[in-house]
Amino acid sequence: MTRLARPSRRVSLAGLLTAALLATPLIATTTPAAAQPQTASTPALIPKPVSQHALVGQDFTLKPWSIVGVASSAKESKAARKVADQLTTQLRRSTGYPLPVIPLVPGVADIKLSTNGPASLGAEGYQLRADRSAVSVTAATPEGLFRGVTTLRQLLPAKADAASRQAGPWRVAGTTIADSPRYGYRGAMLDVSRHFFSVAEVKRYIDLISLYKLNKLHLHLADDQGWRIQVDSWPRLTTYGGSLEVNGTPGGSYTKADFAEIVRYAADHYLTVIPEIDTPGHTNAALASYAELNCDGVAPPLYTGTDVGFSSLCVGKEITYEFLDDVFREVAQQAPGDVIHLGGDEAHSTPHSDYLTFVPKAAALVTKQHKRVMGWQEIAETPLPAGSIAQYWGTDDARSQELARKAAAQGAKVVMSPANRAYLDMKYDDSTPYGQDWAGLVDVQTAYDWNPSTLVPDLPESAVAGVEAPIWTETLDDLDKLEYMAFPRLPGVAELGWSQASALDWTAYKDRLGAQGSRWDVLSVNFYRAPEINWR
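In this text, residue positions in the sequence shown follow the working numbering: the first is 17, and each later residue adds one.
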């Protein structure tokens, strides 16, 4: 096969690049020049950037001899190089090009990645420019660089995300982008308690949600149906309490090595893992594992149904707090982020006075581990430690809204997860084969068409930390069902968290969303082809 001629400006780098260029055969594009389009169409990005301007006639084309250059401080060099390696690993797979990664040399690289941008870009902001000569992504941190590279992936043809070699050309429409997030908290919650999901399945979910610039992965690790994280000091939590799941099928749990792998993989995608140990309700798996945690000293049987609100830790027993002290200590050791979620929702079997006693004591055990407290909105009924986060899951009801305001009045931040908009396990319509409808039917527009800063009346905008899209798994027992319910709604919630309020427009968004279908096809995502979207 004939190799394409390399531009003369590459000749001086021959000694540096020969080995890398020969490691993988260069693939010539076979499409006749006359048949190739002259201008790439500007891709429809999700989330919508703060600003984006077309550079007409300045399309960039990735070539078989293209080089990726990385510039960073010595302190950030390893992390910046990892971002470059993630990009090139995928592009080598889909293009067949070698794409060597080298320190950035002026005038040499075709893709220029830099963390030497101004501090004003913030932790996640970036600037991107694509023109005829090169694509450059500039940020102030490796995290910002990762966000910019995520945008670059969307600018490339969808087939760039393929798992096998595809035919070119590999064009990026000429454009300039300046971008940064609206909110610092943009999350997805995965319930692995009702149905257990393996490390590989969680990684797959991380792959997909990170495409849309989310930065938190909230794992619901303990509930009535199963306990999923190893606690050495209370081993029956997993060996017995984690043995089943909804409908009585075999469950599972994460060893410390498993959980460390999830945390590592999430960190590589700039997602912080937030572990949740739901208390004092949603605790049947723990109560079944250890009789002494029950007020009457009798362990209930394992539970494989889907009812809620029937279980409670024994608030008056000292062993309850010894137990939680051990659990929060070991979970804190496994999760390097600064937040532990203690649940606090639907504690219907806990007397209210006991609940008011319990939450501050449990919260103190979290802060003892130098972690911030997060909990569902009900924790706002109690005094909250500084830095706490309340997660709003209301359905526009007055009580839920009042709890959000109570949390803010204490100085806590509020993460918006309204069940009738952001819960990804709600059915799309009456014919949806999975999911639930207790919070209502949530079609794609409903999931997108709301404003986190104005949803709760009289909640100060400054109190809103961001958004999270939870997915509960009572009816979702495999990855295909999970993907079907998350996509296409999850990208909409992600856009609410990233894009400026002025950019949020359903008509424009649904057109951009339709363009994501081809990428999901390439990625083999089992998404719901909502009839209101023009998929293409």
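Quick reminder that beta carbons are idealized off the backbone N, C-alpha and C, glycines included. Small disclaimer: the values here were computed from a predicted structure and weren't measured.
- P316 carries a coil assignment under DSSP once its states are collapsed to helix, strand and coil.
- Between I335 and R252, the alpha-carbon positions lie close to 16 angstroms from each other.
- The Cβ-Cβ distance between T366 and V331 falls below 9 angstroms.
- Counting only runs of 4 or more residues that sit fully inside the stretch 411-489, the alpha helix (DSSP H) segments are 414-425, 435-438, 460-464, in chain order.
- In the three-state scheme derived from DSSP, where H, G and I count as helix and E and B as strand, E261 is classed as coil.
- Contact annotation: T104 and W186 have beta-carbon atoms that are not nearer than 9 angstroms.
- When rounded, the separation of the alpha-carbon atoms in R528 and A60 is 5 angstroms.
- Judged by their CB atoms, A96 and L161 are nearer to each other than the 9 angstroms cut-off.
- Three or more Cβ pairs closer than 8 angstroms define a contact, and the stretch 336-352 meets that threshold against the stretch 284-304.
- Across the structure, S249 and Y270 are spaced so that their CA atoms are roughly 15 angstroms apart.
- Rounded to whole angstroms, the Cβ separation of T299 and L329 is 5 angstroms, and the two are in contact under 8 angstroms.
- Measuring C-alpha to C-alpha distances from G141 to each of A174, R505, I193 identifies I193 as the nearest.
- Cβ neighbours of L471 within its own chain (closer than 7 angstroms, five residues either side excluded): M432, P434.
- S327 and A315 have their alpha carbons spaced roughly 11 angstroms apart.
- A distance below 7 angstroms between beta-carbons, with the five flanking residues on each side excluded, links E477 to the following residues of its chain, in chain order: S469.
- When DSSP states are grouped into helix, strand and coil, I405 belongs to the strand group.
- Between M390 and D441, the C-beta gap is not smaller than 9 angstroms, which leaves the two residues out of contact.
- Look at Y270 here: in three-state DSSP terms it is strand.
- Just so you know, the alpha carbons of L381 and D341 end up roughly 6 angstroms apart.
- With a minimum length of 4 residues, the unbroken runs of alpha helix (DSSP H) contained wholly in the stretch 157-216 fall at 158-171.
- Around D537, the same chain offers A174 as residues with beta carbons nearer than 8 angstroms, after the five sequence neighbours per side are excluded.
- In this chain, T299 is not harboured by any alpha helix (DSSP H), its DSSP state being neither H nor E.
- With respect to the 9 angstroms criterion, D195 and G164 are classified as neighbours on the basis of their beta carbons.
- S534: member of the alpha helix (DSSP H) spanning 533-538, first to last residue.
- Contact between V151 and L120 is absent: CB atoms are separated by about 13 angstroms, not below the 8 angstroms threshold.
- Across the set S67, G112, P134, H386, the C-alpha of G112 shows the shortest separation from the C-alpha of A183.
- In the DSSP secondary-structure assignment, W392 is bridged to Q407.
- Distances from the CA of A463 to each of Y450, A479, P473, D445 were compared; the closest alpha carbon is that of D445.
- In its chain, beyond the 5 residues on either side, S82, I83, A150 have a beta carbon closer than 6 angstroms to the beta carbon of D126.
- Secondary structure note for Y337: its alpha helix (DSSP H) is the uninterrupted segment 334-350.
- Annotation for H364: G325 place their beta carbon closer than 6 angstroms to its own, counting only its chain and skipping 5 residues before and after.
- Within 10 angstroms of the beta-carbon of W514 lie 16 or more other beta-carbons, which makes it buried.
- Measuring C-alpha to C-alpha distances from S130 to each of A304, T157, A178 identifies T157 as the nearest.
- By the CB criterion at 9 angstroms, Q516 and R145 fall outside the cutoff.
- 9 angstroms or more divides the Cβ of V458 from the Cβ of V483.
- DSSP places T154 in the strand class (E or B) of the three-state scheme.
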